[in-house]
Amino acid sequence: MQHLDTAERRARIARRHAVAGPHRRPTVEDAAASVVCLHATDPAGLYLSAWARTDGFTVDDLDRAFYVDRTLIKHLAMRRTLFAVPRDVLPVVQAACSAKVAATERRRLIKDVVAAGLATDGARWFDEAVAATVAELADGEPLTSTQLRQRLAVIDARVAYGGDKPWAGTFSIASRVLTCLQASGTVVRAGNLGRWTTSRPTWVLARDWLGGDIEPLDEHEARATLVRAWLGRFGPATEADVTWWLGSTLRDVRRALADVRAVEVALDGGATGWVLPDDVDPAGPVEPWVALLPWLDPTTMGWTDRDWYVGPHRAQVYDSVGNGGAAIWVDGRIVGAWTVTADGQVELYLLEDVGREATTAVEAEAHRLSGWLAGTSVVPRFPAPLVGGRGASRLVEGT
Numbered sequence: 002m003q004h005l006d007t008a009e010r011r012a013r014i015a016r017r018h019a020v021a022g023p024h025r026r027p028t029v030e031d032a033a034a035s036v037v038c039l040h041a042t043d044p045a046g047l048y049l050s051a052w053a054r055t056d057g058f059t060v061d062d063l064d065r066a067f068y069v070d071r072t073l074i075k076h077l078a079m080r081r082t083l084f085a086v087p088r089d090v091l092p093v094v095q096a097a098c099s100a101k102v103a104a105t106e107r108r109r110l111i112k113d114v115v116a117a118g119l120a121t122d123g124a125r126w127f128d129e130a131v132a133a134t135v136a137e138l139a140d141g142e143p144l145t146s147t148q149l150r151q152r153l154a155v156i157d158a159r160v161a162y163g164g165d166k167p168w169a170g171t172f173s174i175a176s177r178v179l180t181c182l183q184a185s186g187t188v189v190r191a192g193n194l195g196r197w198t199t200s201r202p203t204w205v206l207a208r209d210w211l212g213g214d215i216e217p218l219d220e221h222e223a224r225a226t227l228v229r230a231w232l233g234r235f236g237p238a239t240e241a242d243v244t245w246w247l248g249s250t251l252r253d254v255r256r257a258l259a260d261v262r263a264v265e266v267a268l269d270g271g272a273t274g275w276v277l278p279d280d281v282d283p284a285g286p287v288e289p290w291v292a293l294l295p296w297l298d299p300t301t302m303g304w305t306d307r308d309w310y311v312g313p314h315r316a317q318v319y320d321s322v323g324n325g326g327a328a329i330w331v332d333g334r335i336v337g338a339w340t341v342t343a344d345g346q347v348e349l350y351l352l353e354d355v356g357r358e359a360t361t362a363v364e365a366e367a368h369r370l371s372g373w374l375a376g377t378s379v380v381p382r383f384p385a386p387l388v389g390g391r392g393a394s395r396l397v398e399g400t
């Protein structure tokens with residue numbers, strides 16, 4: 002069995018994920034494709050992930066891809082997570098992952114509506130709510146969730162959850178219906194009424210936005226296609242890594258690995274990884290590199306087994322449920338975290354001594370990002386636990 006060591010895995014990140022300077026991509030579409038698709042849960046983090054991977058990136062580049070060229074589509078997919086998906090990959094993720102998300106969300110909403118006393122026949126209510134929403138969007142006018150709620154009594158409600166628990170609150174029925182419709186491929190986001198750091202989406206029917214319905218694909222074939230694409234960027238990866246990323250079952254993952262004829266390789270520490278059959282041989286080292294990747298970046302969140310690139314720093318960079326904060330990367334390892342001040346300056350927090358040359362390179366990258374932000378403050382939805390806390394040494398303000 003071929004052995005691919007940790008050094009090779011880290012070098013592959015630089016080359017394939019477009020995060021090292023010489024390997025950045027010329028367009029945002031290429032940047033998204035370098036990691037299959039970009040995380041889009043946090044609006045600002047999405048743009049910063051594109052900045053880290055695209056030469057000469059501007060906010061307008063990503064806005065154009067989303068709202069003018071429509072080459073990237075924000076879509077609810079793997080793990081019920083919002084991604085920026087290349088247009089040609091959309092049918093694949095819809096069949097492989099999103100359809101199951103839609104079915105799960107439908108069941109949950111029906112149950113919640115009945116429990117809240119909004120309907121006795123939850124399935125009938127759901128069908129009526131969907132039909133009314135689709136009809137309201139039929140003329141092609143992009144509408145916000147609030148506008149739809151104001152026009153449609155059937156989805157104009159909020160439902161309490163959690164009882165007297167500390168996490169209790171309410172949710173909007175309109176938002177939940179749109180979640181179901183998005184995951185099913187019925188609606189897509191047509192615009193954002195806020196700045197790039199906020200999310201205020203408008204919605205249209207997918208067939209109007211895309212010029213037709215999303216192409217239906219066989220679920221198993223689509224899953225194999227998605228696994229092939231993912232292994233080409235993230236391999237070698239363990240079965241657990243693939244299962245986690247897809248939000249799928251081990252049985253489905255094993256079938257997909259067999260379908261793409263994935264090959265086993267030995268990893269450091271004794272684990273078994275999988276690669277595509279033409280990707281077994283190591284490519285060798287890369288030049289030293291650094292990167293500042295934002296919270297929930299696809300690389301930081303790429304694998305469920307993270308010891309080989311975060312080492313002892315996991316609890317200081319990832320929160321208790323595994324959300325990754327803004328991370329300082331040096332040669333394929335996370336060595337610290339960063340944040341942005343109220344006046345748009347990058348602050349760096351190192352967790353170890355990385356040497357003078359790497360420190361200088363990290364400082365230069367912080368300066369580059371501060372210049373790009375041009376005074377814009379960005380508040381992460383999922384900050385690294387160490388930022389502003391303990392165990393970190395503040396290195397520099399990127400001014």
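Just so we're aligned: 74 in the numbering used here is position 73 of the sequence shown, and the numbers increase by one with no gaps anywhere. Idealized CB from N, CA, C, for every residue including glycine.
Expected contact under 8 Å - CB spacing of residue i and residue j to nearest Å
i, j, result
"alanine 385", "alanine 338", "4 Å"
"valine 155", "alanine 130", "5 Å"
"glutamate 222", "leucine 293", "Contact doesn't hold; Cβ gap of about 38 Å is too wide."
"alanine 51", "alanine 32", "5 Å"
"alanine 267", "methionine 2", "5 Å"
"threonine 105", "leucine 182", "About 14 Å; that fails the 8 Å criterion."
"glycine 356", "arginine 334", "Rounded, the Cβ-Cβ distance is 12 Å, inconsistent with contact."
"tryptophan 309", "arginine 71", "Not a contact, Cβ separation roughly 37 Å."
"arginine 80", "glycine 248", "4 Å"
"alanine 269", "aspartate 6", "A quick correction: the sequence has aspartate, not alanine, at residue 269. Contact holds; Cβ gap of about 5 Å."
"alanine 191", "valine 291", "Incorrect: roughly 37 Å between the Cβ atoms, too far for contact."
"leucine 277", "alanine 257", "Not a contact, Cβ separation roughly 12 Å."
"phenylalanine 84", "alanine 41", "5 Å"
"leucine 73", "proline 87", "6 Å"
Distance, residue j Cα to residue i Cα
i, j, result
"threonine 59", "phenylalanine 383", "23 Å"
"threonine 273", "histidine 4", "9 Å"
"leucine 387", "alanine 19", "26 Å"
"valine 29", "alanine 120", "45 Å"
"aspartate 122", "lysine 75", "32 Å"
"histidine 368", "aspartate 279", "39 Å"
"aspartate 61", "aspartate 298", "20 Å"
"valine 435", "valine 281", "The requested residue 435 does not occur in the structure, where the chain is confined to residues 2 to 400."
"tryptophan 246", "threonine 147", "32 Å"
"threonine 171", "alanine 184", "21 Å"
"leucine 153", "valine 114", "16 Å"
"proline 27", "arginine 108", "42 Å"
"aspartate 128", "alanine 175", "14 Å"
"phenylalanine 235", "arginine 177", "32 Å"
"proline 295", "leucine 49", "6 Å"
"valine 380", "alanine 259", "43 Å"
"glutamate 265", "alanine 15", "22 Å"
"alanine 161", "leucine 138", "27 Å"
"alanine 8", "proline 286", "7 Å"
"leucine 251", "aspartate 214", "30 Å"
"aspartate 306", "glycine 186", "31 Å"
Three-state secondary structure assigned by DSSP to residue i
i, result
"glutamate 353", "coil"
"alanine 191", "strand"
"histidine 18", "coil"
"threonine 82", "coil"
"threonine 361", "helix"
"proline 159", "Per the sequence presented here, residue 159 reads as arginine, with proline not at that position. Arginine 159 falls in the strand class under three-state DSSP."
"valine 37", "coil"
"glycine 274", "strand"
"threonine 180", "helix"
"serine 378", "coil"
"glutamate 366", "helix"
"glycine 57", "coil"
"arginine 150", "helix"
"glycine 372", "helix"
"proline 23", "helix"
"glutamate 30", "helix"
"alanine 66", "helix"
"alanine 241", "helix"
"leucine 251", "helix"
"threonine 72", "coil"
"glutamate 7", "The question names glutamate, yet the displayed sequence has threonine at residue 7. The answer is helix: DSSP assigns threonine 7 an H, G or I state."
"threonine 171", "strand"
Any chain D beta carbon closer than 7 Å to residue i
i, result
"alanine 104", "Any reference to chain D falls outside this structure, which holds one protein chain only."
Can you find at least 3 beta carbon pairs, one from the segment 364 to 375 and one from the segment 298 to 307, that sit closer than 8 Å?
-> no
Taking 8 Å as the threshold, find out whether the segment 42 to 60 comes into contact with the segment 191 to 203 through three or more Cβ pairs.
-> yes
Whole alpha helix (DSSP H) elements within the segment 183 to 232, 4-residue minimum | 207 to 211
In chain order, which continuous runs of the alpha helix (DSSP H) of length 4 or greater are located wholly inside the segment 279 to 362?
-> 308 to 311 and 315 to 318
Ordered list of alpha helix (DSSP H) runs contained in the segment 98 to 129, each at least 4 residues = 100 to 116
Below 8 Å, can you find three or more Cβ-Cβ pairs linking the segment 93 to 102 to the segment 222 to 234?
-> yes
Should the segment 127 to 146 be regarded as contacting the segment 202 to 213, the criterion being three or more beta carbon pairs within less than 8 Å?
-> yes
Hey, is the segment 349 to 364 in contact with the segment 159 to 174, meaning 3+ C-beta pairs nearer than 8 Å?
-> no
Meets three-Cβ-pair contact criterion under 8 Å: the segment 313 to 326 and the segment 62 to 72 = no
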